[in-house]
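**Q** So that we are looking at the same thing, I have put the structure below in structure tokens.
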Amino acid sequence: MTRSELDQAYALWRGSSIQEWAKSTLTGPTPSLARSAVPMVKSLSEIPGGPYKANITGKNAYYGHPELKARIAQLYDASPEEVLLAQGASQVNFLIAGALLEHGGEAIVESPVYEPIVRGIEMLADKVKVLKRKPTHGFQPGLQDLKSLISRDTKLVWLTNLHNPTQVELDTEVLRECVEMCRDAGAALVVDEVYLNFTRPDFRSHAFTYGGISVNSLDKTWGLDSLRVGWAVAPSEIVDRAYKFNNLMGVTQPYVTEDLANQILRDDSAVEWFKLRRNTSCGQFSLLTSFLKRTPELELLPPSGGVNACLKLPEGLDDRRFVEALWKVKQVRVFPGSLFELPGYIRVSVGCDPVETRLHLGELGDMIREYR
């Protein structure tokens, strides 16, 4: 083995290829077709209600802003003790994994997958097993596959809903069965639901209601990326361990962002405005539908909703090379599917400026016909 191969083999952690790719390449003036969310809110003055004040200190928030925890608990019919707050869903995911894998054990993680999830779990688990979400099952988790993987050593099973990257919604009966299977094995089912508000705006229809652990944030379906506010709703003993785990890292959360999130989530006019923005962005999926009618070279992998979709490239095209050529020639950005363990596909997003979206879809169509 080479030195680099040895270093990789014995490394305690591996970086995220998708994050490194995104941060090094998504540097243009606009997100093009690569922003997998509603448009970003750039100023508090855009949001109805308020006025929203950036308070930098307040009540003791060593373990999360008390009023924000109470508000999120209300949305899920949970208790504040069942709410974990952290800096975005990514940190929440890592803290929940740390709480569940405190003493090691096995983890089961879906594939295709949003890579940072599995990279974090790899650091903590003794073994990571892969649960394939297969096209033949409509990208639903296979219950027989899960049954063959789960054991008494399994501490957690991790899914996303809407599935990232395909945006397929997890069937409710499949969710129930997964929860039951985990419960029988003494494991927890964790569901990253950052996209689920696109199709299920009522938080009481999310995984926590069925006995799973729900993870969400104010990012994808809200556009409040820069606040970096994420949460999990889970049994209180798991939340307690996650906060203790965070004492080794973040220690305390930024009061100013959690307080702003609390102000916004408690303002009915603001919440209604965010729903309207979400619906407007989702309505732009018709732009993609019209584009695909004119572009038979690309095949849609049908999503359940939202602003994102995976498109199958013509046979033989390398998604990474095509994506780089698309940027070089047309200055249009999309995500390569191989970064999600879905090679041969690209992920496009149509929730931002409709004029730019229509224009860049046209450039994508031209490129797919020109590219050899």
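Just so you know, my numbering puts the end of the sequence shown at 459, numbered straight through with nothing missing.
Every residue gets a Cβ at the ideal spot worked out from N, C-alpha and C, and that includes glycine.
Predicted model only: the values in this text are computed from it and were never measured.
Assign Gly370 to buried or exposed, taking buried as 16 or more other Cβ atoms, counted over all protein chains shown, within 10 Å of its Cβ.
**A** It is exposed - the Cβ of Gly370 has fewer than 16 other Cβ atoms within 10 Å.
**Q** What residue range is occupied by the uninterrupted alpha helix (DSSP H) comprising Tyr342?
**A** Tyr342 -> alpha helix (DSSP H) spans Tyr342 to Leu352.
**Q** Which value, in whole angstroms, describes the spacing of the CA atoms of Ile51 and Leu249?
**A** A question about residue 51 goes unanswered here, because the residues of the chain that appear run from 88 up to 459.
**Q** Below 8 Å between beta carbons: does that hold for Ala188 and Val179?
**A** Just to set this straight, residue 188 is Leu in the shown sequence, not Ala. No, the Cβ-Cβ distance between Leu188 and Val179 is not below 8 Å.
**Q** Work out the CA separation of Gly225 and Phe378 for me, nearest whole Å.
**A** If I take the Cα positions, the gap works out to 23 Å.
**Q** How about Leu113 and His447: do their beta carbons lie closer than 8 Å?
**A** No.
**Q** Just confirm the distance between the C-beta atoms of Val277 and Trp318, as a whole number of angstroms; I'd bet it's less than 8 Å.
**A** Val277 to Trp318, Cβ: 13 Å. No contact.
**Q** Count the other CB atoms within 10 Å of the CB of Thr344; is the residue buried (16 or more) or exposed (fewer)?
**A** Answer is buried; the Cβ neighbour count reaches 16.
**Q** What residue does the alpha helix (DSSP H) around Trp318 start on, and which one ends it?
**A** Trp318 -> not in any alpha helix (DSSP H); beta strand (DSSP E) instead, spanning Gly317 to Val320.
**Q** Using 8 Å for Cβ pairs, my map puts Val215 next to Ile204. What's the rounded Cβ distance?
**A** About 11 Å; that fails the 8 Å criterion.
**Q** Give me, in chain order, the residues of the same chain whose beta-carbon lies closer than 7 Å to that of Leu93; leave out the 5 immediate sequence neighbours on both sides.
**A** With a pLDDT of only 49 at Leu93, under 50, the local geometry of the prediction cannot be trusted, and no value is derived from it.
**Q** With distances taken between CB atoms, is the gap from Gln174 to Gln340 smaller than 8 Å?
**A** The answer is yes: Cβ separation under 8 Å.
**Q** Nearest by alpha-carbon distance to Leu352: which of Arg263, Glu107, Leu305 and Cys269 is it?
**A** That would be Leu305, whose Cα lies nearest to the Cα of Leu352.
**Q** Under the three-state reduction of DSSP, which class applies to Val416: helix, strand or coil?
**A** If DSSP states are grouped into helix, strand and coil, Val416 belongs with the helices.
**Q** Between the alpha carbons of Ser323 and Ala148, how many angstroms are there, rounded?
**A** Roughly 17 Å separates the two Cα atoms.
**Q** Which whole-angstrom value describes the C-beta separation of Ala186 and Arg315, a residue pair presumed to lie in contact below a C-beta threshold of 8 Å?
**A** That pair is no contact at about 20 Å.
**Q** May I ask which residues mark the beginning and end of the beta strand (DSSP E) holding Asn303?
**A** Run containing Asn303: Ile300 to Ser304, per the beta strand (DSSP E) assignment.
**Q** What does a CB cutoff of less than 6 Å around Ile105 pick up in its chain, not counting 5 residues either side in sequence?
**A** Excluding residues within five positions, the ones whose Cβ falls inside 6 Å are Glu202 and Leu426.
**Q** Under 6 Å Cβ to Cβ from Ser177, same chain only, skipping five residues before and after it: list those, please.
**A** Cβ neighbours of Ser177 beyond the five flanking positions: Pro203.
**Q** Go through its chain and collect everything with a Cβ distance to Leu374's Cβ below 8 Å, but skip five positions before and after it.
**A** So the qualifying residues of the chain are Val437, Pro441, Thr444, Arg445 and Leu448.
**Q** In this structure, does DSSP put Val215 in helix, strand or coil?
**A** If DSSP states are grouped into helix, strand and coil, Val215 belongs with the strands.
**Q** Tell me which residues share the same chain as Val72 and place their Cβ nearer than 7 Å to its Cβ, disregarding the 5 neighbours each side in the sequence.
**A** For the chain, the structure presents residues 88 to 459; residue 72 sits outside this window and is missing.
**Q** Can you tell me whether DSSP reads Lys331 as helix, strand or coil?
**A** In this structure, Lys331 counts as helix in the three-state DSSP scheme.
**Q** When we look at the beta-carbon of Thr253 and count the other beta-carbons within 10 Å, is it buried (16 or more) or exposed?
**A** When all chains shown are included, Thr253 counts as buried.
**Q** Around the Cβ of Asn142, are there at least 16 other Cβ atoms within 10 angstroms (buried) or fewer (exposed)?
**A** So Asn142 counts as exposed.
**Q** Pull up the CB-CB distance for Val125 and Arg365, whole angstroms please, since I reckon it's below 8 Å.
**A** That belief holds up - the Cβ atoms of Val125 and Arg365 are roughly 6 Å apart, short of 8 Å.
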